[in-house]
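S.K.:
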Amino acid sequence: MSTVKSNGLLKIIVPIVVFAFAFILFVTYKNNQNNQVSQNEASDVVYDLTETEQKELGLTAGDTPHDTLKTLLGAVKETKAEVQRTNEENERLKKENQALKIQSYDVSRQIDDAIQTKQQELMADFERRFREVTDRFSNLSNDTPSSNDIPIGLGMEGESQFNSSHSNTGNAYPDEGSQSAVKWIKPSDVTLTDRNGKPVSSNFTGETVATFPNPFKALDDSTLGQAAVELHGQPNSREKQTKKPFYTLPANSTLMGSVAMTALLGRVPIDGNVTDPYPFKVVIGRENLMANGIQLPDVEGAIVSGTASGDWTLSCVKGNVDSITFVFSDGRIATQENQGSNNGKSLGWLSNPNGLPCIPGERKTNAPEYLSSQFLLSAAGATAQSMAQSQTTTVVDGNSVVGAVTGSQGKYILGQALGGGLKEMENWFRQRYGQMFDAIYVPPGQAVAVHISQSINIDYDSAARKVKYPKNSGTSQID
Numbered sequence: 013m014s015t016v017k018s019n020g021l022l023k024i025i026v027p028i029v030v031f032a033f034a035f036i037l038f039v040t041y042k043n044n045q046n047n048q049v050s051q052n053e054a055s056d057v058v059y060d061l062t063e064t065e066q067k068e069l070g071l072t073a074g075d076t077p078h079d080t081l082k083t084l085l086g087a088v089k090e091t092k093a094e095v096q097r098t099n100e101e102n103e104r105l106k107k108e109n110q111a112l113k114i115q116s117y118d119v120s121r122q123i124d125d126a127i128q129t130k131q132q133e134l135m136a137d138f139e140r141r142f143r144e145v146t147d148r149f150s151n152l153s154n155d156t157p158s159s160n161d162i163p164i165g166l167g168m169e170g171e172s173q174f175n176s177s178h179s180n181t182g183n184a185y186p187d188e189g190s191q192s193a194v195k196w197i198k199p200s201d202v203t204l205t206d207r208n209g210k211p212v213s214s215n216f217t218g219e220t221v222a223t224f225p226n227p228f229k230a231l232d233d234s235t236l237g238q239a240a241v242e243l244h245g246q247p248n249s250r251e252k253q254t255k256k257p258f259y260t261l262p263a264n265s266t267l268m269g270s271v272a273m274t275a276l277l278g279r280v281p282i283d284g285n286v287t288d289p290y291p292f293k294v295v296i297g298r299e300n301l302m303a304n305g306i307q308l309p310d311v312e313g314a315i316v317s318g319t320a321s322g323d324w325t326l327s328c329v330k331g332n333v334d335s336i337t338f339v340f341s342d343g344r345i346a347t348q349e350n351q352g353s354n355n356g357k358s359l360g361w362l363s364n365p366n367g368l369p370c371i372p373g374e375r376k377t378n379a380p381e382y383l384s385s386q387f388l389l390s391a392a393g394a395t396a397q398s399m400a401q402s403q404t405t406t407v408v409d410g411n412s413v414v415g416a417v418t419g420s421q422g423k424y425i426l427g428q429a430l431g432g433g434l435k436e437m438e439n440w441f442r443q444r445y446g447q448m449f450d451a452i453y454v455p456p457g458q459a460v461a462v463h464i465s466q467s468i469n470i471d472y473d474s475a476a477r478k479v480k481y482p483k484n485s486g487t488s489q490i491d
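For our numbering, count along the sequence shown from 1 and bump the result up by 12.
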């Protein structure tokens with residue numbers, strides 16, 4: 013029996029075919045894996061953005077990579093277009109700026125030319141008017157005055173003859189026998205004197221001067237006569253007889269043991285000036301009047317008055333003495349006032365008993381209330397104005413600036429109304445409470461010492477008024 017023999021070629025071909033098929037399957041599977049990994053990586057790259065960034069780029073969760081690429085390309089194109097428009101706008105603004113600079117230069121040059129032309133016109137007009145005045149003056153100086161220039165019938169026909177007849181004597185009065193229509197009648201008390209002041213007779217031919225008696229000679233005891241005496245600096249004889257020196261408080265004297273009758277309220281100077289300083293009074297008793305250790309036994313007491321100023325840094329009050337009134341034992345009064353007020357000097361100054369020239373006190377100020385109220389009103393007014401301005405638009409076109417309300421009319425009107433009202437309120441508040449000041453307060457009854465800076469001459473005037481006059485027992489009482 014014959015045996016079937018296999019073909020040896022099949023043993024070779026079949027394994028090759030099987031291997032090739034397996035290789036093809038492997039390659040195909042590998043490519044699929046690579047494509048899937050690349051897609052996953054692309055998807056991860058795209059969707060690695062946050063939600064806000066995806067919304068800004070216009071991406072959604074269902075977009076494919078192709079859609080995402082198209083969206084990004086569109087955004088890039090739009091950005092390029094916006095950049096292009098911005099560059100074009102910048103170029104246009106540069107050209108407008110250059111044109112405005114050229115135009116501004118032209119306007120300045122035109123203004124300079126106009127000013128120069130006007131100056132030349134004014135100078136030419138001034139020279140023309142000056143020539144006219146000069147010519148008129150020359151013509152007037154060349155003309156000789158005529159007596160016929162005065163119209164007839166005014167009563168001045170004989171004045172020319174009068175002037176000519178008296179021009180050589182210098183006498184200001186026409187003669188009694190003159191035929192002039194206007195006659196001068198000499199006062200009955202007139203006295204003619206020569207240049208040296210000596211009286212002359214009526215027949216004197218030289219230059220005379222008319223003098224009159226002193227109008228205040230018979231009025232020395234009247235108010236008018238006293239005013240004349242003060243004007244001419246001649247002391248009245250009554251004052252010489254009634255006033256006599258009594259005491260002298262020399263400079264650098266000290267009146268110890270004084271007491272402030274009023275509070276010492278000193279305003280702090282603003283820019284070196286004290287506005288409306290507050291006055292004060294100090295009472296000095298009889299036992300405490302001292303001048304370099306010498307007592308004044310005939311003086312019952314004294315009252316010192318002056319003004320105070322404050323020092324904010326040291327929190328104290330400085331007092332300047334302006335006047336001192338002395339009361340004598342018989343009731344007469346002598347007042348010494350500051351004679352150097354024009355040069356800034358005072359009669360003296362105050363100190364505490366320990367010699368401190370600035371008396372400590374308590375600080376008083378209205379700055380916090382004033383500044384806080386002013387701040388709130390200013391802030392509210394600025395806010396209202398800003399609200400109104402936010403509803404407007406300003407357009408610059410060449411040399412003109414145009415503003416218009418482009419927003420809400422109601423908001424604009426409301427902002428303007430509030431801003432105007434708050435501005436008026438702020439002005440009212442500033443006028444009423446704008447007198448902001450700082451002061452130092454010292455309560456009444458403060459013990460002080462009065463230091464004398466100028467010599468005080470205490471004169472006893474026997475004709476001066478008294479504090480109290482004796483009453484006659486026979487006089488009736490007035491209810």
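Note that the Cβ used here is the ideal one computed from N, Cα and C, for glycine as well.
Kindly indicate which three-state DSSP category residue 394 falls into: helix, strand or coil?
M.R.: In the structure shown, residue 394 sits in a helix (DSSP, three-state: H, G or I).
S.K.: Classify residue 463 as buried or exposed, calling it buried when 16 or more other Cβ atoms lie within 10 Å of its own Cβ.
M.R.: Residue 463 comes out buried.
S.K.: Sort out for me which residues DSSP pairs residue 377 with in a bridge.
M.R.: In the DSSP output, where bridge partners are listed per residue, residue 377 has 450.
S.K.: Within 8 Å, do at least three Cβ pairs link the segment 341-352 to the segment 377-393?
M.R.: They do not touch, by the three-pair rule.
S.K.: Rounded to whole angstroms, what's the CA-CA distance from residue 4 to residue 129? Just pull it up for me.
M.R.: Given that the chain is displayed from residue 13 to residue 491, the structure contains no residue 4 and the question cannot be resolved.
S.K.: Inspect the CB distances between the segment 357-377 and the segment 427-441 and report whether three or more fall short of 8 Å.
M.R.: No, they do not touch.
S.K.: So, at 6 Å on beta carbons, what are the nonlocal neighbours of residue 178 in its own chain, with the 5 sequence-adjacent residues on each side left out?
M.R.: Note that residue 178 has pLDDT 46, beneath the 50 cutoff, so the model's placement of it is unreliable and the number below is only indicative. Taken in chain order, the list of residues that qualify is empty.
S.K.: Mapping DSSP to helix, strand and coil, what is residue 257?
M.R.: In this structure, residue 257 counts as strand in the three-state DSSP scheme.
S.K.: Leaving out the 5 sequence neighbours to the left and right, which residues in its chain are closer than 6 Å to residue 205 when beta-carbon positions are compared?
M.R.: Excluding positions up to five away in sequence, the list reads 211, 221, 223.
S.K.: Would residue 403 and residue 423 qualify as a contact pair, given that the criterion is a beta-carbon distance under 7 Å?
M.R.: In contact: residue 403 and residue 423 (Cβ atoms closer than 7 Å).
S.K.: Compute the beta-carbon to beta-carbon distance between residue 365 and residue 459, rounded to the nearest angstrom, for a pair I have assumed lies under 8 Å.
M.R.: Going by Cβ atoms, the distance from residue 365 to residue 459 rounds to 5 Å, so yes, they are a contact pair.
S.K.: Mind checking which residues open and close the beta strand (DSSP E) that includes residue 348?
M.R.: Run containing residue 348: 345-349, per the beta strand (DSSP E) assignment.
S.K.: In this structure, does DSSP put residue 471 in helix, strand or coil?
M.R.: DSSP places residue 471 in strand when its eight states are reduced to three.
S.K.: Using beta-carbon positions only, say whether residue 331 and residue 320 come within less than 7 Å of one another.
M.R.: Contact: yes.
S.K.: Do residue 276 and residue 258 have their C-beta atoms closer together than 7 Å?
M.R.: Not a contact, by the Cβ cut-off of 7 Å.
S.K.: Who does residue 372 pair with in a DSSP beta bridge?
M.R.: For residue 372, which the question treats as bridged, DSSP gives the partners 328.
S.K.: On a Cα-Cα basis, can you pick out the residue from 108, 106, 316, 286 that is closest to residue 323?
M.R.: The residue with the shortest Cα to Cα distance from residue 323 is 286.
S.K.: From this set, 298, 64, 453, which residue's C-alpha is nearest residue 312's C-alpha?
M.R.: That would be 298, whose Cα lies nearest to the Cα of residue 312.
S.K.: Per DSSP, what kind of secondary structure is residue 334 in: helix, strand or coil?
M.R.: Reduced to three states, the DSSP call for residue 334 is strand.
S.K.: Taking all protein chains shown into account, decide if residue 561 is buried (16 or more other Cβ within 10 angstroms of its Cβ) or exposed.
M.R.: Absent from the model: residue 561. The displayed extent of the chain is 13 to 491, so no value can be given.
S.K.: How would you write the range of the beta strand (DSSP E) that residue 294 sits in, first residue to last?
M.R.: Its beta strand (DSSP E) spans residues 291-296.
S.K.: Could you check which residue in 89, 219, 396, 468 has the C-alpha nearest to that of residue 264?
M.R.: Closest by alpha carbon: 468.
S.K.: So, are the CB atoms of residue 317 and residue 341 less than 7 Å apart?
M.R.: It is not a contact, given that the beta carbons lie outside the stated cut-off.
S.K.: Give me the residue from 43, 121, 438, 337 with the minimum Cα distance to residue 383.
M.R.: Here the closest residue by C-alpha is 438.
S.K.: How far does the beta strand (DSSP E) with residue 276 in it extend, from its first residue to its last?
M.R.: It spans 276-279 - the beta strand (DSSP E) in which residue 276 sits, taken as one unbroken run.
S.K.: Using the Cα positions of residue 88 and residue 95, report the straight-line distance between them to the nearest angstrom.
M.R.: Straight-line Cα distance between these residues: approximately 10 Å.
S.K.: State the Cα-Cα distance for the pair residue 273 and residue 452, rounded to the nearest angstrom.
M.R.: If I take the Cα positions, the gap works out to 17 Å.
S.K.: Taking a contact to mean a Cβ-Cβ separation below 7 Å, would you say residue 435 touches residue 367 in this structure?
M.R.: Contact flag unset, no.
S.K.: How is residue 285 classed by DSSP in three states: helix, strand or coil?
M.R.: In this structure, residue 285 counts as strand in the three-state DSSP scheme.
S.K.: Does residue 209 come out as helix, strand or coil in the three-state DSSP assignment?
M.R.: Three-state result, residue 209: coil.
S.K.: Give the straight-line distance between the Cα atoms of residue 473 and residue 329, rounded to the nearest whole angstrom.
M.R.: Computed Cα separation, rounded: 36 Å.
S.K.: Using three-state DSSP, classify residue 429 as helix, strand or coil.
M.R.: If DSSP states are grouped into helix, strand and coil, residue 429 belongs with the helices.
S.K.: Give the DSSP-derived three-state secondary structure of residue 219 in the structure shown.
M.R.: Here residue 219 sits in coil by DSSP.
S.K.: To the nearest angstrom, how far is the alpha carbon of residue 145 from that of residue 136?
M.R.: Cα to Cα, residue 145 sits roughly 14 Å from residue 136.
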